[in-house]
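A.B. asks: Please read through the structure below; I'll follow up with questions.
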Amino acid sequence: MLKRILACCMLAMACNTITLAQTATHTFALGDKDFLLDGKPFQMISGEMHYTRIPKEYWHERMKMAKAMGLNTIGTYVFWNAHEPVQGKYNFEGENDIAGFVRAAKEEGLYVVLRPSPYVCAEWEFGGYPWWLLKDRNMKVRSKDPAFINAYRNYMMEIGKQLAPLQVNHGGNILMVQIENEYGSYSNDKEYLAQNEKIFRDAGFDGLLFTCDGPGQMPAGYLPGFLPAVNGEDNPAKVKELINKYHDGKGPYYIAEWYPGWFDSWGKAHSRSNADEDAKKLDEVLSAGISINMYMFHGGTTRDFMNGANMNRKEPYSPQTSSYDYDAPLNEAGDPTPKFYKLREVIAKHLPAGQTLPDVPQKRRRTYALEVTKVTGVANLFNNLGTPVESEKPMSFEDLDQGYGLVLYRTTLANATGGLLKIKEMRDYATVYLNGKRVAVLDRRLAQDSVQLDGVTANSVLDILVENNGRINYGPFLTDNRQGITEKVTLADKELLGWKMYKFPLTTPAGFKYVPAQNEGEQYPALYRSTFSLKGVVDTYLDMHGFGKGVAFINGHNLGKYWNIGPQQTLFVPAAWLKRGTNEVVIFDELNSGHKQISTIDHPVLDELMKK
Numbered sequence: 001m002l003k004r005i006l007a008c009c010m011l012a013m014a015c016n017t018i019t020l021a022q023t024a025t026h027t028f029a030l031g032d033k034d035f036l037l038d039g040k041p042f043q044m045i046s047g048e049m050h051y052t053r054i055p056k057e058y059w060h061e062r063m064k065m066a067k068a069m070g071l072n073t074i075g076t077y078v079f080w081n082a083h084e085p086v087q088g089k090y091n092f093e094g095e096n097d098i099a100g101f102v103r104a105a106k107e108e109g110l111y112v113v114l115r116p117s118p119y120v121c122a123e124w125e126f127g128g129y130p131w132w133l134l135k136d137r138n139m140k141v142r143s144k145d146p147a148f149i150n151a152y153r154n155y156m157m158e159i160g161k162q163l164a165p166l167q168v169n170h171g172g173n174i175l176m177v178q179i180e181n182e183y184g185s186y187s188n189d190k191e192y193l194a195q196n197e198k199i200f201r202d203a204g205f206d207g208l209l210f211t212c213d214g215p216g217q218m219p220a221g222y223l224p225g226f227l228p229a230v231n232g233e234d235n236p237a238k239v240k241e242l243i244n245k246y247h248d249g250k251g252p253y254y255i256a257e258w259y260p261g262w263f264d265s266w267g268k269a270h271s272r273s274n275a276d277e278d279a280k281k282l283d284e285v286l287s288a289g290i291s292i293n294m295y296m297f298h299g300g301t302t303r304d305f306m307n308g309a310n311m312n313r314k315e316p317y318s319p320q321t322s323s324y325d326y327d328a329p330l331n332e333a334g335d336p337t338p339k340f341y342k343l344r345e346v347i348a349k350h351l352p353a354g355q356t357l358p359d360v361p362q363k364r365r366r367t368y369a370l371e372v373t374k375v376t377g378v379a380n381l382f383n384n385l386g387t388p389v390e391s392e393k394p395m396s397f398e399d400l401d402q403g404y405g406l407v408l409y410r411t412t413l414a415n416a417t418g419g420l421l422k423i424k425e426m427r428d429y430a431t432v433y434l435n436g437k438r439v440a441v442l443d444r445r446l447a448q449d450s451v452q453l454d455g456v457t458a459n460s461v462l463d464i465l466v467e468n469n470g471r472i473n474y475g476p477f478l479t480d481n482r483q484g485i486t487e488k489v490t491l492a493d494k495e496l497l498g499w500k501m502y503k504f505p506l507t508t509p510a511g512f513k514y515v516p517a518q519n520e521g522e523q524y525p526a527l528y529r530s531t532f533s534l535k536g537v538v539d540t541y542l543d544m545h546g547f548g549k550g551v552a553f554i555n556g557h558n559l560g561k562y563w564n565i566g567p568q569q570t571l572f573v574p575a576a577w578l579k580r581g582t583n584e585v586v587i588f589d590e591l592n593s594g595h596k597q598i599s600t601i602d603h604p605v606l607d608e609l610m611k612k
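Residue 130 in the working numbering sits at position 130 of the sequence shown; the count goes up by one each step and never skips.
Structure, rendered in structure tokens:
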């Protein structure tokens, strides 16, 4: 019996030895001028893609396009609020399967630069931080605050379980990992940065770590001893000068974010860059032996309620669009643009001797417009109120334990007194109703927080529907991100009390009571439902012309936000989320009423602003 046990143990040890031997590990290190992969110079030609912004079914397609353009590496952020939507409960499924995304890249012959900062910016809600951190009014994110560090550490331990085994020194394809992200734009606490490094090491990230900052912010944001990559600078001489200055007079030289495009904000013109100038810059950088990560190679779509917003002391609050097309080489639907081919031509010139680029794959699907479908059901928000939370003073979203969507604040005006209605620190967009009639729209972008309220009678009902339009993701107001009515409401300088709050997180269009579509007089917020049948699935776009402001769903998938101020006037519908047979579309509109039909279109409309 003992001999049999020993024999089994020896066999198990042999199997383990074989497995380890078959798992090829590599070294990735810093040379004086170059990155060294297995001791040989390696120039990263990388492009940023975010797994959360691309349907999982399309990951491989997008990566094949990356290879065809000449990329050898993919850069991606890791989004804390996607992976821990509720404190202590983690989600690594579907589009959140970050480990699956990294493995997909390896299967396509691509390395990965991982950026789990956990602050990401990325035009992403709250810069990637989960909203529930704000339930603690005293917590300060991005600091040595023990409550923040504890939550951050717990999250990173889970990320480490998913991704540390996929580092290149463990047989995976993650070349290096970024700690923090453009921290010099925010503060300069080196002790905090060092604490980040320890958390990453404790989580199992034992390979190469780096930081990245803009040229002017690098002194504050770099961590001595680690590679300081540069963002937003593509002059080769300046890139080398910067990195030499903060890295003991040597390289390697890495542009962590190079911008052949830019993001869009609601109410502003669609951003475009000059493809010929982009190609010229890329040629200069690669000729200088500098590694580069283009932000973005493929932007995709910011779905659900994950769009962020910018705000600083000189510029007002500015939320970003759902389309993250970014004028990138690969557009929102995954199609190569003229810019793609210009950059591909440049990269082909810099390939090692004997290497050629693969052919550009043919897209498997065309984008079509589908038949117009009629609205079959309408769910008025005011007829679907549910049970309220009651409080003397209005409560913020966080105090109501709600992260996103809308909250309807209701109070009764016992005295027949009109005057100036003022909402102190309203976040971010509100429609005001008096006795069921809409009397005002207040927009934080325009610094609107008050309206003259006339026609008030005894026991008038005041409703204020407040939408989270995207928490700030960049700038000095990052920590000031509570949503809803965060202070108080006054009428004629008298504070209004006795509030009922109805929660509409809109995580799903299910659970609402729909009635047949009919002609309505008043404008009210409502969901509009329709079904349509397909014999085959195709990519398409919802045509949002005629709708006001809200969010849309296809078969339960949140497609993102729309807003008639533009520039975006369509919502991308991936074929992966459609099915043969019956499909359901639901559109929530908080501004316009009376919709009778829903249309699609075969191309995006990303550059149309509301005509004033």
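Here a beta-carbon is modelled for each residue, glycine too, at the ideal position from N, C-alpha and C.
Since the model is a prediction, treat every value here as computed from it, not as a measurement.
Check whether the Cβ atoms of threonine 570 and valine 605 lie closer than 8 angstroms to each other.
C.D. replies: Taking 8 angstroms as the Cβ cut-off, threonine 570 and valine 605 qualify as a contacting pair.
A.B. asks: If you draw a straight line from the C-alpha of glycine 556 to the C-alpha of aspartate 399, how long is it?
C.D. replies: Their backbone Cα atoms lie some 27 angstroms apart in a straight line.
A.B. asks: Between isoleucine 598 and lysine 161, what straight-line distance do the alpha-carbon atoms span, to the nearest angstrom?
C.D. replies: When rounded, the distance between both Cα atoms is 44 angstroms.
A.B. asks: Run the CB neighbour count on glycine 207, radius 10 Å, all protein chains shown included, and call it buried at 16 or more, exposed below.
C.D. replies: Buried.
A.B. asks: I need the DSSP call for proline 165, collapsed to helix, strand or coil.
C.D. replies: Three-state DSSP puts proline 165 in a helix.
A.B. asks: Please go through the segment 123 to 196 and give each complete beta strand (DSSP E) segment of 3 or more residues, from N-terminal end onward.
C.D. replies: Segments of the beta strand (DSSP E) lying fully in the segment 123 to 196: 174 to 178.
A.B. asks: Between the Cα of lysine 349 and those of Asp327, Ser287, Ser391, spot the shortest distance and give me the residue it belongs to.
C.D. replies: Nearest of Asp327, Ser287, Ser391 to lysine 349, Cα basis: Ser287.
A.B. asks: Quick one, which of Asn274, Gly216, Val102, Val489 has its alpha-carbon nearest alanine 430's?
C.D. replies: The candidate whose alpha carbon is nearest that of alanine 430 is Val489.
A.B. asks: Go ahead and pull the three-state DSSP assignment for histidine 557.
C.D. replies: Reduced to three states, the DSSP call for histidine 557 is strand.
A.B. asks: Kindly provide the ranges of any beta strand (DSSP E) runs that are 3 or more residues long and lie completely inside the segment 408 to 457, ordered along the chain.
C.D. replies: Counting only runs of 3 or more, we get 419 to 423, 429 to 434, 437 to 443, 450 to 453.
A.B. asks: Using the Cα positions of alanine 275 and glutamate 392, report the straight-line distance between them to the nearest angstrom.
C.D. replies: So the alpha carbons of these two residues sit roughly 57 angstroms apart.
A.B. asks: With 16 other CB atoms within 10 Å as the buried threshold, where does serine 533 fall?
C.D. replies: Exposed.
A.B. asks: If you pair each beta-carbon of the segment 364 to 375 with each one of the segment 93 to 107, do three or more pairs fall below 8 angstroms?
C.D. replies: Not touching, per the Cβ criterion.
A.B. asks: Tell me the DSSP bridge mates of alanine 309?
C.D. replies: BP columns for alanine 309 point to Pro319, Ile472.
A.B. asks: Using the Cβ count rule (16 or more neighbours within 10 Å means buried), how would you classify lysine 281?
C.D. replies: When all chains shown are included, lysine 281 counts as buried.
A.B. asks: Relative to the C-alpha of methionine 217, which residue among Leu209, Val230, Arg482, Ile290 is closest?
C.D. replies: Checking the sequence, you will find glutamine at residue 217 rather than methionine. Nearest C-alpha to glutamine 217: Val230.
A.B. asks: For the alpha helix (DSSP H) that contains proline 236, what are its first and last residues?
C.D. replies: Start and end: 236 to 246.
A.B. asks: Which residue from Asp189, Val113, Tyr326, Ala24 puts its Cα closest to that of glycine 171?
C.D. replies: Residue Ala24 is the option with its Cα nearest to glycine 171.
A.B. asks: DSSP beta-bridge partners for leucine 36?
C.D. replies: DSSP lists Ala29, Pro41 as partners of leucine 36.
A.B. asks: What are the complete alpha helix (DSSP H) segments, minimum 4 residues, inside the segment 63 to 89?
C.D. replies: Taking only runs of at least 4 residues, the alpha helix (DSSP H) segments lying wholly in the segment 63 to 89 are 80 to 83.
A.B. asks: In three-state DSSP terms, what is proline 336?
C.D. replies: DSSP places proline 336 in strand when its eight states are reduced to three.
A.B. asks: Report, in whole angstroms, the separation of the C-beta atoms of serine 46 and isoleucine 74, which I expect to be a contact under 8 angstroms.
C.D. replies: With 8 angstroms as the limit, serine 46 and isoleucine 74 qualify as a contact, their Cβ atoms being about 7 angstroms apart.
A.B. asks: Between valine 378 and threonine 582, what straight-line distance do the alpha-carbon atoms span, to the nearest angstrom?
C.D. replies: Approximately 19 angstroms, taken between the alpha carbons.
A.B. asks: If you measure between the beta carbons of asparagine 293 and valine 113, is that distance less than 8 angstroms?
C.D. replies: For asparagine 293 and valine 113, yes; Cβs fall inside 8 angstroms.
A.B. asks: Assign aspartate 359 to one of two classes, buried (16 or more other C-beta atoms within 10 Å of its C-beta) or exposed (fewer than that).
C.D. replies: Per the 10 Å Cβ criterion, exposed.
A.B. asks: Just how far apart, CA to CA, sit asparagine 173 and lysine 56?
C.D. replies: One C-alpha to the other measures close to 19 angstroms.
A.B. asks: Looking at the secondary structure, which residues open and close the alpha helix (DSSP H) in which isoleucine 98 lies?
C.D. replies: Its alpha helix (DSSP H) spans residues 98 to 107.
A.B. asks: Between which two residues does the beta strand (DSSP E) holding glutamate 584 run?
C.D. replies: That run of the beta strand (DSSP E) goes 581 to 589.
A.B. asks: Any idea if threonine 321 is buried or exposed, counting beta-carbon neighbours within 10 angstroms, 16 or more meaning buried?
C.D. replies: That one is buried.
A.B. asks: Return the bridge partner residues of threonine 211 from the DSSP annotation.
C.D. replies: Bridge partners of threonine 211: Pro228.
A.B. asks: For threonine 52, which of helix, strand or coil comes out of DSSP?
C.D. replies: Note: threonine 52 maps to helix in three-state DSSP.
A.B. asks: With a 10 Å radius around its C-beta and 16 neighbouring C-beta atoms as the bar for buried, classify histidine 298 as buried or exposed.
C.D. replies: So histidine 298 ends up on the buried side.
A.B. asks: Determine, using beta-carbon pairs with one atom in the segment 450 to 457 and one in the segment 516 to 530, whether at least three such pairs fall under 8 angstroms.
C.D. replies: No: fewer than three Cβ pairs fall under 8 angstroms.
A.B. asks: With a 10 Å radius around its C-beta and 16 neighbouring C-beta atoms as the bar for buried, classify glycine 70 as buried or exposed.
C.D. replies: Buried, since its Cβ has 16 or more Cβ neighbours within 10 Å.
A.B. asks: Work out the CA separation of isoleucine 601 and aspartate 607 for me, nearest whole Å.
C.D. replies: If you take the alpha carbons of aspartate 607 and isoleucine 601, they lie about 15 angstroms apart.
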